[in-house]
Amino acid sequence: MIDEIKALITEVEAFTADTKSDVEDFRIKYLGKKGILNKYFAEFKNVANDQKKEFGQTINALKNTVQDKVNALKDELDSKEEVKGIYGDLSRPGEPIEIGARHPISIVKNQIIDIFSRIGFNVSEGPEIEDDWHNFTALNLPEYHPARDMQDTFFIQTNPDILLRTHTSSVQVRYMENNKPPIRTISPGRVYRNEAISARSHCFFHQVEGLYIDKDVSFADLKQTLQYFTTEMFGKSKIRLRPSYFPFTEPSAEVDVYWGLETEIDYRITKGTGWLEIMGCGMVDPNVLENCGIDPKEYSGFAFGMGIDRIAMLLHQIGDIRLLSENDVRFLEQFKSAL
Ligand code: PHE
């Protein structure tokens with residue numbers, strides 16, 4: 002019988018359980034009223050005297066082993082439950098992580114910022130709701146100046162002095178008012194114009210304007226800077242400057258980059274000319290410097306401005322400007338692999 006009990010001890014030691022009710026069944030089987038241990042205790046009186054000691058020790062050993070096993074299994078199951086409560090089922094496969102995408106406007110804006118920051122330009126920002134001074138008057142566009150009509154403006158109905166900025170040149174005015182030359186800054190941001198919405202134009206879009214003011218800044222510096230930019234941005238260094246007019250610059254020019262005529266798309270986007278207009282620029286008008294508290298006899302500078310939306314459409318072959326503000330996930334998802 003002693004051997005029988007010893008075999009049970011080995012069995013008990015090897016026992017495992019997945020649930021608490023298995024543990025309870027196991028406990029009752031050994032320690033219950035009609036359990037195995039009580040059966041052996043009842044046998045005690047029938048055991049020969051010289052074996053009583055060993056028999057007694059063996060069943061006590063079995064009892065202790067069972068008790069230890071039950072306690073150990075209960076602890077184990079309790080701690081497993083605790084982990085489950087905190088982390089859920091750790092054996093489940095992980096949830097796939099949805100990776101977002103940057104908006105094409107942000108991608109292009111960041112590229113432009115990056116290119117200009119490499120030649121010492123910082124980034125300046127200003128309010129989208131502007132006053133007349135910063136959007137027009139300081140920029141050499143006094144009241145009734147015909148060039149105000151170049152940019153159809155959204156005014157706040159009750160106060161014609163307050164408007165939605167039509168360009169980020171307003172930020173440059175603020176920057177000049179608050180900083181002394183040398184100034185090298187670019188101003189990215191959203192601008193608003195009262196235009197009919199179509200595939201090619203919207204009532205709001207995005208610009209990056211640049212401003213460089215120092216002693217002896219010349220038109221050659223402007224051209225060199227623009228050439229650096231087009232090379233970095235488009236991989237194209239051939240540009241041309243066409244004379245143009247902006248009230249805040251004199252002389253003014255429109256910048257075209259030579260895109261080439263290699264593919265059918267090149268033909269379409271350049272209307273068969275190979276040239277693509279990308280921005281406006283010029284030497285800052287002395288009146289503007291004066292309006293902003295900078296002495297035009299001491300300092301000169303250049304400014305330029307370009308539309309981010311148009312460049313994004315060009316680089317990513319987006320056929321309709323409205324896609325940029327509709328937030329259609331199927332459209333946005335296509336930029337996952339971009340910067
Ligand atoms: N502000 C002009 C526009 O919005 C662009 C520009 C900026 C032109 C600076 C010349 C110099 O069209």
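Sequential numbering of the sequence shown, starting at 2, is according to the working numbering.
Cβ atoms here follow ideal geometry from the backbone N, Cα and C, with glycine treated the same way.
On a predicted model such as this, the values are computed, not experimentally measured, just so you know.
Quick one: Cα of residue i to Cα of residue j, how far?
{"i": "ILE113", "j": "LEU316", "result": "13 angstroms"}
{"i": "ARG323", "j": "SER199", "result": "7 angstroms"}
{"i": "PHE249", "j": "GLN152", "result": "14 angstroms"}
{"i": "ARG269", "j": "GLY89", "result": "57 angstroms"}
{"i": "VAL289", "j": "THR159", "result": "28 angstroms"}
{"i": "ARG201", "j": "THR271", "result": "15 angstroms"}
{"i": "GLY33", "j": "ILE87", "result": "35 angstroms"}
{"i": "ALA254", "j": "SER245", "result": "5 angstroms"}
{"i": "PHE45", "j": "ALA8", "result": "18 angstroms"}
{"i": "PRO329", "j": "PHE235", "result": "The residue you asked about is not Pro; residue 329 is Asp in the sequence shown. Taking the straight line from one Cα to the other gives about 27 angstroms."}
{"i": "ARG185", "j": "ILE116", "result": "13 angstroms"}
{"i": "GLU144", "j": "GLY121", "result": "35 angstroms"}
{"i": "GLU265", "j": "ILE312", "result": "18 angstroms"}
{"i": "ASP310", "j": "ARG103", "result": "14 angstroms"}
{"i": "VAL172", "j": "PRO128", "result": "8 angstroms"}
{"i": "GLU126", "j": "MET314", "result": "24 angstroms"}
{"i": "ALA62", "j": "ILE3", "result": "11 angstroms"}
{"i": "ARG166", "j": "THR154", "result": "8 angstroms"}
{"i": "PHE156", "j": "GLN225", "result": "38 angstroms"}
{"i": "ARG28", "j": "GLN58", "result": "20 angstroms"}
{"i": "ILE1", "j": "PHE336", "result": "The question about residue 1 has no answer here: the residues shown for the chain are numbered 2 through 340."}
{"i": "ASP321", "j": "GLU327", "result": "11 angstroms"}
{"i": "ALA197", "j": "HIS203", "result": "7 angstroms"}
{"i": "LYS85", "j": "PRO94", "result": "15 angstroms"}
{"i": "ASP26", "j": "ILE98", "result": "43 angstroms"}
{"i": "PHE56", "j": "GLU83", "result": "41 angstroms"}
{"i": "GLU263", "j": "ASP222", "result": "31 angstroms"}
{"i": "ASN50", "j": "LYS35", "result": "25 angstroms"}
{"i": "VAL48", "j": "LYS54", "result": "10 angstroms"}
Give every residue of the same chain whose Cβ lies closer than 6 angstroms to the Cβ of residue i, excluding the five residues on either side of it in the sequence, and list them in chain order.
{"i": "ASP133", "result": "ASP162"}
{"i": "LEU78", "result": "LYS21"}
{"i": "PRO189", "result": "LYS110 and VAL209"}
Using only alpha-carbon positions, find the residue among the options that is nearest to residue i.
{"i": "GLU5", "options": "SER22, TYR268, PHE16 and ILE37", "result": "ILE37"}
{"i": "ILE106", "options": "ARG269, LYS30, ALA18 and PHE205", "result": "PHE205"}
{"i": "THR11", "options": "VAL67, ILE319 and GLU82", "result": "VAL67"}
{"i": "HIS146", "options": "PHE247, GLY273 and ASP310", "result": "PHE247"}
{"i": "GLU14", "options": "GLY190, VAL109 and TYR31", "result": "TYR31"}
{"i": "PHE303", "options": "LYS216, THR274 and SER118", "result": "LYS216"}
{"i": "GLU334", "options": "HIS135, HIS203, ASN180 and GLY101", "result": "GLY101"}
{"i": "ARG194", "options": "ASN136, GLU83 and VAL48", "result": "ASN136"}
{"i": "SER92", "options": "LYS35, LYS81 and VAL71", "result": "LYS81"}
{"i": "ALA18", "options": "GLY308, ALA73 and ASP267", "result": "ALA73"}
{"i": "GLU278", "options": "ASP69, PRO287 and GLY308", "result": "GLY308"}
{"i": "ARG119", "options": "ASP267, GLU233 and ASP286", "result": "GLU233"}
{"i": "ILE130", "options": "GLU196, GLU83, ARG191 and PRO94", "result": "ARG191"}
{"i": "GLN318", "options": "ASP267, SER338 and ASN65", "result": "ASP267"}
{"i": "ASN180", "options": "LEU164, THR274 and ILE295", "result": "ILE295"}
{"i": "VAL71", "options": "ASN47, PHE16, GLN52 and GLU96", "result": "PHE16"}
Here's a check: name, in chain order, each residue in its chain whose Cβ is nearer than 8 angstroms to the Cβ of residue i, leaving out the five neighbours to either side.
{"i": "CYS293", "result": "ALA139, VAL174, MET177 and GLU178"}
{"i": "PRO276", "result": "It should be noted that the sequence gives Trp, not Pro, for residue 276. Taken in chain order, the residues that qualify are ARG241, ASP257, VAL258, TYR259 and TRP260."}
{"i": "GLY306", "result": "HIS168, THR169, SER170, GLN208, VAL209, GLU210, GLY211, MET280, GLY281 and CYS282"}
{"i": "LYS237", "result": "THR231, VAL258, TYR259, TRP260 and GLY261"}
{"i": "TYR300", "result": "PRO182, ILE214, ASP215, LYS216, VAL218 and LEU290"}
{"i": "PRO252", "result": "PHE220, PRO244, GLY283 and MET284"}
{"i": "LYS75", "result": "LYS21 and VAL24"}
{"i": "ASN123", "result": "ARG185, THR186 and ILE187"}
{"i": "ASP286", "result": "ASN141, PRO248, PHE249, THR250 and GLU251"}
Using a C-beta cutoff of 8 angstroms, does residue i count as contacting chain C?
{"i": "TRP260", "result": "In summary, chain C is missing from the structure at hand, where a single protein chain is found."}
Please list, in chain order, all residues of the same chain as residue i whose beta carbon is under 7 angstroms from its beta carbon, the five residues on each side excluded.
{"i": "ILE1", "result": "With the chain running from 2 to 340 in the structure shown, residue 1 is simply not present."}
{"i": "LEU142", "result": "ALA148, ARG149 and PRO248"}
{"i": "GLU291", "result": "PRO297"}
{"i": "GLU332", "result": "Strictly speaking, residue 332 in this sequence is Phe, with Glu absent from that position. The residues are LEU324."}
{"i": "GLN228", "result": "SER238 and ILE240"}
{"i": "ASP69", "result": "none"}
{"i": "LYS1", "result": "Here the chain covers residues 2 to 340 and nothing more, so residue 1 does not appear."}
Return yes when at least one heavy atom of the ligand ZN lies under 7 angstroms from the C-beta of residue i, else no.
{"i": "GLY127", "result": "Among the ligands present in this structure, namely the ligand PHE, the ligand ZN is not found."}
Continuous alpha helix (DSSP H) assignments of at least 4 residues falling wholly in the region 80-144: Taking only runs of at least 4 residues, the alpha helix (DSSP H) segments lying wholly in the region 80-144 are 105-118 and 133-136.
Jot down the residue ranges of each uninterrupted beta strand (DSSP E) in the region 254-313, minimum 3 residues, whole runs only, in chain order. Those beta strand (DSSP E) runs which fall completely within the region 254-313 and span 3+ residues are 276-285 and 301-308.
4-residue-minimum alpha helix (DSSP H) runs that sit fully inside the region 210-256, ordered along the chain: Secondary structure remark: continuous alpha helix (DSSP H) runs of at least 4 residues inside the region 210-256, in chain order: 220-235.
Give the list of continuous beta strand (DSSP E) stretches no shorter than 3 residues that lie fully inside the region 171-213. As far as the region 171-213 is concerned, its whole beta strand (DSSP E) runs of at least 3 residues are 184-193.
Where are the beta strand (DSSP E) runs, 3 residues long or more, that stay fully inside the region 46-84, in chain order? DSSP runs (the beta strand (DSSP E)) wholly in the region 46-84: none.
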